[in-house]
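Written out below as C-alpha cells is the structure these notes cover.
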Amino acid sequence: MRAAIIDLGTNTCNLLIAESSGDEYNILHQSKHLVRLGDNKIRESEISSEATQRTINAFQHHKQIIDRFQPEIIRVVATSAVRTAANKIEFLELLGESTGWLVKVITGEKEAELIFKGVMLAFRELKQPSLILDIGGGSNELIIAAGTETIWKESQPTGMARIINQFKLSNPISKEEIITLQNHFSKFHQAAIENCRMKNVQTLVGCSGAFDTIADMIDEVNPGEKTRKTQEITMDSFYNVYNTLLKSTREERLVMKGMDFVRVDLIVPAVILIEHLISQTGITQIIQTDFALREGVFYDLIQ
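Residues 1263 to 1565 in my numbering are what the sequence shown lists, from first letter to last.
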C-alpha cells in the first residue's frame, strides 16, 4: 500500500510519501513548503489572504510530486492554525477547489495521538516513561508514554508562531523576556510538569521541528541533509546550542550551520520551552526523532 500524507501545519506544509508491505515500510519522498499560516493575522484568529495563496501554491507543488508516485491513498490533515481560524471554512473551500483534496482538521487531542503513533513507528516501544514533545507553530503537543501506551497527553495553543506574535522579543532576547516566556510556559504546561514528576520521567523525545534544527546545529550539517530515525542529543550538546541561541541576534542565526531559515525566528522561544521543561521535571536524556504527525498518520493507515 502506497500513501501520500500532507500535514498542513502553522509554519510549513509537509509531504510524506511512503509504502508498506507486511510489517515493513519504506519512505519514498519527504518535502516541505513554507506557508506561514501563523503570520501576524494569527493574533486575530484569521488566516490571511497571503497565507492562503502560499498554501494553495504548496498544495499544487505537492500535487505534482504525488501524481508522479501515484499513491492509492492521499490523506491531508490540518492542525492548530486552521482549527482556531474564524475563516477556516472559506480557507478549506479554496484549498479543495485548487486540488480536489478533502482537508481534515484534527483536534489537538487527535494530533497528540497521531504524534505518538509517529514516535511508535520510529521506536516500536519506549523502554521507560518518556515525555514526547512536538513543538509546533500554533500548538505544542506533550505526551507521557511508556512501552506502547500513552499515560497522559495534552495540546496547548503555545506554538512558537503564536509566541513571537504575542511577545515582541528583543534582538537578542533579554533576560527579562526569557523569564516572561518561562512563566508563560509554566502557566500552560504545569500539568505536564507535575505528571512528569509523578511518573519519574527521565527521557524527553523531541519530535521533528525545533529538535531537527538542534540536531543539525550539533552535527554541523545543512537542514534536511541528514535523516535521523532516532538520535540522542547529550545534555552538554543541548546546553551549548541553548546558550549560543540565547546570545544570538537574528542576523547571526541566519548564517549558523544547521539553521533552517524557517526557524530563525522560532528557535529561541523553542529552546526556552525545552530547557524549562528539562529544568522543571529533572529530565536527564534527550532523544530526537524525525518522526512525528505525518508518520503517525501513515502508521494509523497501515496498522
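For glycine and all other residues, C-beta sits at the position ideal for the given N, C-alpha and C.
message: Looking only at its chain, what residues have a beta carbon closer than 6 angstroms to the beta carbon of Lys1379, apart from the 5 residues adjacent to it on each side?
response: Gly1558, Tyr1561, Asp1562
- request: To the nearest angstrom, report how far apart Val1344 and Lys1350 are at their CA atoms.
  value: Val1344 and Lys1350 have their C-alpha atoms spaced approximately 6 angstroms apart.
- prompt: Between the Cα of Thr1272 and the Cα atoms of Gly1400, Arg1316, Ser1310, Ala1265, which residue gives the shortest distance?
  reply: Gly1400
task: Within its chain, find whatever has a CB closer than 6 angstroms to the CB of Val1530; leave out the 5 residues flanking it on each side and keep chain order.
output: Ile1435, Leu1507
- prompt: For Ala1266, does the three-state DSSP call read helix, strand or coil?
  reply: strand
- request: Say whether the stretch 1402-1422 touches the stretch 1435-1445, bearing in mind that this needs 3 or more beta-carbon pairs closer than 8 angstroms, one atom from each stretch.
  value: Not touching, per the Cβ criterion.
- request: Would you tell me roughly how many angstroms separate the C-alpha atoms of Arg1298 and Thr1274, rounded to the nearest one?
  value: Our two residues, Arg1298 and Thr1274, have alpha carbons roughly 6 angstroms apart in a direct line.
field: N-terminal and C-terminal residue of the alpha helix (DSSP H) that Arg1330 is part of
entry: 1311-1331
- prompt: Going by Cα to Cα distance, which pick from Arg1556, Cys1458, Ile1534, Arg1512 is closest to Gly1544?
  reply: Cys1458
message: Going by DSSP, what residue range makes up the beta strand (DSSP E) through Lys1372?
response: Careful: Lys1372 lies outside any beta strand (DSSP E), inside the alpha helix (DSSP H) at 1370-1385.
task: To the nearest angstrom, report how far apart Ile1425 and Asn1302 are at their CA atoms.
output: 11 angstroms
message: In this structure, how does DSSP classify Ser1282 when only helix, strand and coil are distinguished?
response: When secondary structure is reduced to three states using DSSP, Ser1282 falls in the strand class.
- request: Just grab the DSSP bridge partners of Ala1340 for me.
  value: Looking at the DSSP output, Ala1340 sits in a beta bridge with Leu1270, Val1367.
- request: Specify, as a first and last residue, the run of the beta strand (DSSP E) that Ala1407 falls within.
  value: 1402-1409
- prompt: Smallest Cα separation from Leu1296: which of Ala1280, Asn1319, Asp1285?
  reply: Asn1319
task: Compute the distance between the beta-carbons of Phe1321 and Ser1360, then report whether it is under 8 angstroms.
output: Cβ atoms of Phe1321 and Ser1360: closer than 8 angstroms.
- prompt: Between the Cα of Ile1476 and the Cα atoms of Ala1454, Thr1465, Tyr1504, which residue gives the shortest distance?
  reply: The closest CA to that of Ile1476, considering only Ala1454, Thr1465, Tyr1504, is found on Tyr1504.
task: Could you have a look at Val1467 and say whether DSSP puts it in helix, strand or coil?
output: Looking at Val1467 - three-state DSSP - the assignment turns out to be strand.
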